[in-house]
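These protein sequence lines map, in sequence, to chains A and X.
Numbering of the first sequence is given in full-length UniProt numbering, commencing with residue 1 and proceeding in unit increments.
Numbering of the second sequence is given in full-length UniProt numbering, commencing with residue 1 and proceeding in unit increments.
Protein chains: 2
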Amino acid sequence: MKPRRGALPYCVGVLREQLSSPTPVSLAAFLNGHVRSCDVLVQVVAECEVEYAGRALSTADAGCYVVMVKCDGSLQIHGARGVKPVNWQPRTDDVSAFVEEGRCVLVASRRSPEEVVKVTFHDVHLALALELEEAGFTLSGSEKDMQEALARSPHVIEQGLTVLDRELLVGVGGIDLYALDRDGRLVVVELKRARAGHEAVHQLARYVAAVRLQVPHREVRGILAAPSVTAPAREALTRQGLEFVEVTALAKSEPAAMQGALF
Amino acid sequence: MKPRRGALPYCVGVLREQLSSPTPVSLAAFLNGHVRSCDVLVQVVAECEVEYAGRALSTADAGCYVVMVKCDGSLQIHGARGVKPVNWQPRTDDVSAFVEEGRCVLVASRRSPEEVVKVTFHDVHLALALELEEAGFTLSGSEKDMQEALARSPHVIEQGLTVLDRELLVGVGGIDLYALDRDGRLVVVELKRARAGHEAVHQLARYVAAVRLQVPHREVRGILAAPSVTAPAREALTRQGLEFVEVTALAKSEPAAMQGALF
DNA sequence: TGATAGATTTCGAAC
DNA sequence: GTTCGAAGTCTATCA
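What follows is the structure in structure tokens.
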């Protein structure tokens with residue numbers, strides 16, 4: 001790595017390069033040099049304005065933001081508040097910087113959908129190139145985990161339930177759990193990892209209708225399995241002759257143990 | 001601002017404070033001193049591991065991440081790829097740092113839902129406190145804009161249409177546009193800024209049913225207005241005696257002009 | 001490539 | 001606080 005104007009002496013290891021108050025030319029060179037480099041995350045803290053054109057149009061007035069370009073070409077511009085960036089681009093086909101009218105401009109574009117984010121830098125306070133490491137990540141408690149757990153222990157939903165299939169496709173969309181109750185009736189189970197609203201009821205109703213259409217001679221039950229339901233959703237269930245069963249998303253011991261470990 | 005161990009000389013303006021390779025004690029002091037300060041965004045680049053317990057459970061193995069805490073208490077931990085952080089917490093009730101077994105630990109928690117994110121710092125490369133500025137932001141092309149435009153020019157949907165109401169509440173949810181056609185029939189219009197799927201059809205059907213219930217003696221039409229529909233959604237519309245009208249989300253001239261301005 | 005559904009969705013508005 | 005729906009949602013999966 002050759003040192004640049006404004007580069008600091010401790011640019012080793014994770015911190016590949018740091019520029020303090022770079023000129024537009026050196027910022028553009030810095031950006032073009034590091035963007036999309038393997039495992040390098042580029043960050044610029046600057047007064048800048050941001051324009052977006054694509055599925056919608058937006059303008060962020062000149063203000064101080066943190067601009068982040070990751071090695072996969074994703075771009076995000078963070079303001080003072082919120083997890084969500086002010087502007088972003090999850091995938092880009094091209095990210096490049098240039099100097100225009102004495103200012104460094106970063107343009108990130110993608111086709112399909114055709115979109116552009118343009119960042120015009122005014123005062124640049126800091127530019128960093130960081131070399132991050134990928135590390136293992138595990139998540140549990142998704143709907144998929146819940147489905148696997150209930151497929152192993154269907155009695156949690158109802159005594160005598162036998163699972164016939166998971167992710168059974170009926171027309172469009174898939175039935176989370178397709179089962180047989182103790183009386184030989186078909187059971188369509190729709191799972192929700194969190195409180196269920198009427199969309200969940202609608203989904204369940206669609207699947208039940210699809211099964212009834214395919215198997216007209218059999219009785220078909222519909223069960224919404226979730227940790228809780230909203231009141232209107234429960235009414236909708238009752239109205240349509242569907243059922244609700246309370247199931248907790250995570251094994252009860254797990255979160256408690258985790259909470260204990262954290263405090 | 002009093003200078004800390006490792007603080008750099010150019011800590012003025014936007015860059016409130018910068019620490020290079022701080023000790024666990026100084027990092028904890030730094031975090032507790034800056035977190036939730038007005039307009040201050042705190043960032044730490046470090047080898048760390050992250051645990052999350054709440055709606056789900058997750059663990060990120062020790063690796064190099066960018067940890068960001070904004071002044072509203074939101075937390076996000078970014079890895080090398082993607083706009084989405086590895087871990088995050090959109091709202092927190094408490095963010096605090098302390099030293100545990102010789103390591104700085106950051107804990108961000110919230111009640112309702114009860115959630116905790118714990119970051120254990122190993123090697124800390126950089127810690128920044130940045131003072132960001134809020135600036136104006138405008139977005140156009142949202143469904144709300146579309147609704148306003150169509151309320152002004154309902155003939156775009158159909159000749160002779162008269163808008164009676166917008167966001168009319170019927171039971172749960174609101175009718176985007178409630179209108180009267182040239183023959184005096186009531187018209188429920190559901191808008192979508194992007195391609196509409198069967199959820200949009202379901203929404204429309206619910207609203208139409210609600211209006212028919214409230215006004216049993218009147219004929220009620222249902223129109224889905226969107227730039228396009230999926231094939232299954234179109235079938236569902238036909239099946240339920242509902243209609244589709246193609247409306248483009250943005251005025252055709254706008255995006256083209258914007259694109260031109262950007263390149 | 002298109003369609004569907006999940007997501008620790010986030011975010012904001014209405015009640 | 002609850003409920004609901006939009007979002008520039010994003011992302012993975014499957015036909």
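Note that CB positions come from ideal geometry on N, CA and C, so glycine has one too.
These figures come from a predicted structure and were not determined experimentally.
query, result
"In angstroms, rounded to a whole number, what distance separates the CA positions of residue 52(X) and residue 149(X)?", "44 Å"
"From the DSSP output, which residues share a beta bridge with residue 48(X)?", "63(X) and 121(X)"
"Whole angstroms is fine: what's the gap from residue 18(X)'s alpha carbon to residue 143(A)'s?", "42 Å"
"Give the residues of chain A in contact with residue 71(X), contact being defined as C-beta atoms less than 9 Å apart.", "80 and 81"
"Please classify residue 2(X): is it buried, with 16 or more other beta-carbons within 10 angstroms of its beta-carbon, or exposed?", "With a pLDDT of only 39 at residue 2(X), under 50, the local geometry of the prediction cannot be trusted, and the value read off the model is given with reservation. Residue 2(X) comes out exposed."
"Apart from the five residues on each side of it in sequence, which residues of its chain come closer than 6 Å, Cβ to Cβ, to residue 8(X)?", "Residue placement at residue 8(X) is flagged as unreliable, the pLDDT there being 43, under the threshold of 50; a coordinate-derived value is accordingly withheld."
"Using 10 angstroms around the beta-carbon of residue 26(X), count the other beta-carbons present and answer buried if the total reaches 16, otherwise exposed.", "buried"
"So, is residue 63(X) buried or exposed, given that buried needs 16 or more other C-beta atoms within 10 angstroms?", "buried"
"Against chain A, does residue 262(X) count as a neighbour if the rule is that its beta carbon must be under 8 Å from one of theirs?", "Only weak support exists for where residue 262(X) lies, its pLDDT of 49 falling under 50; the coordinates are left without a value."
"Please report the distance separating the alpha-carbon of residue 94(A) from that of residue 158(A).", "53 Å"
"Ignoring anything shorter than 3 residues or poking outside the stretch 186-215 of chain A, list the beta strand (DSSP E) runs there in chain order.", "186-191"
"What do you reckon, are the CB atoms on residue 189(X) and residue 180(X) nearer than 8 Å?", "no"
"Going by beta carbon distance, what residues of the same chain come within less than 7 Å of residue 131(A), once the five residues before and after it are set aside?", "14, 16, 39 and 40"
"Closer than 8 Å, CB to CB, is residue 312(X) near chain A or not?", "Outside the displayed span of chain X (1 to 263) sits residue 312(X), for which this structure offers no information."
"Taking Cβ positions only, does residue 45(A) come closer than 8 Å to chain X?", "yes"
"Can you find a C-beta in chain A that's less than 8 Å from the C-beta of residue 246(X)?", "no"
"Expressed to the nearest angstrom, what Euclidean distance is found between the alpha-carbon atoms of residue 74(X) and residue 210(A)?", "43 Å"
"Is there at least one Cβ from chain X nearer than 8 Å to residue 163(A)'s Cβ?", "no"
"Using alpha carbons as the reference points, say which of 86(A), 139(A) and 233(A) lies closest to residue 136(X).", "86(A)"
"Quick test of your reading: residue 202(A) and residue 202(X), contact by CB under 8 Å. State the CB separation rounded to the nearest angstrom.", "5 Å"
"In its own chain, which residues sit with a C-beta less than 6 Å from the C-beta of residue 128(A), not counting the 5 before and 5 after it?", "18 and 43"
"Who are the near neighbours of residue 107(A) in its chain, counting only those whose CB is closer than 7 Å to its CB and skipping five residues on each side?", "96, 116 and 118"
"Would you decide whether residue 164(X) is buried or exposed? Buried here means 16 or more other CB atoms lie within 10 Å of its CB.", "exposed"
"What's the gap between the Cα of residue 247(A) and the Cα of residue 197(X)?", "29 Å"
"Taking 8 Å as the CB-CB limit, is residue 137(A) close to chain X?", "yes"
"Against chain A, does residue 74(X) count as a neighbour if the rule is that its beta carbon must be under 8 Å from one of theirs?", "yes"
"Looking at residue 195(X) and residue 238(X), is the spacing between their C-beta atoms short of 8 Å?", "no"
"I'd like to confirm the pairing. Which residues does DSSP put opposite residue 151(X) in its beta bridges?", "Paired residues: none, contrary to the question."
"State the Cα-Cα distance for the pair residue 72(A) and residue 82(X), rounded to the nearest angstrom.", "7 Å"
"Residue 45(X) to residue 33(A), Cα distance in whole Å?", "21 Å"
"Counting only beta-carbon separations shorter than 8 Å, does residue 252(X) have a partner in chain A?", "The predicted position of residue 252(X) is uncertain, since its pLDDT is 43 and thus under 50; no value can be drawn from it."
"Report yes if the C-beta distance between residue 166(X) and residue 221(X) is below 8 Å; otherwise report no.", "no"
"Roughly how many angstroms separate the alpha carbons of residue 265(X) and residue 151(A), rounded to a whole number?", "Because chain X is modelled from 1 through 263, residue 265(X) falls outside the range shown and cannot be assessed."
"If we count the other Cβ atoms within 10 Å of its Cβ and call it buried at 16 or more, is residue 235(X) buried or exposed?", "exposed"
"Please report how far the alpha carbon of residue 162(X) lies from the alpha carbon of residue 154(X), in whole angstroms.", "7 Å"
"In chain order, what residues of the same chain lie with their CB nearer than 8 Å to the CB of residue 88(A), ignoring the 5 residues before and after it?", "74, 75, 76, 77 and 117"
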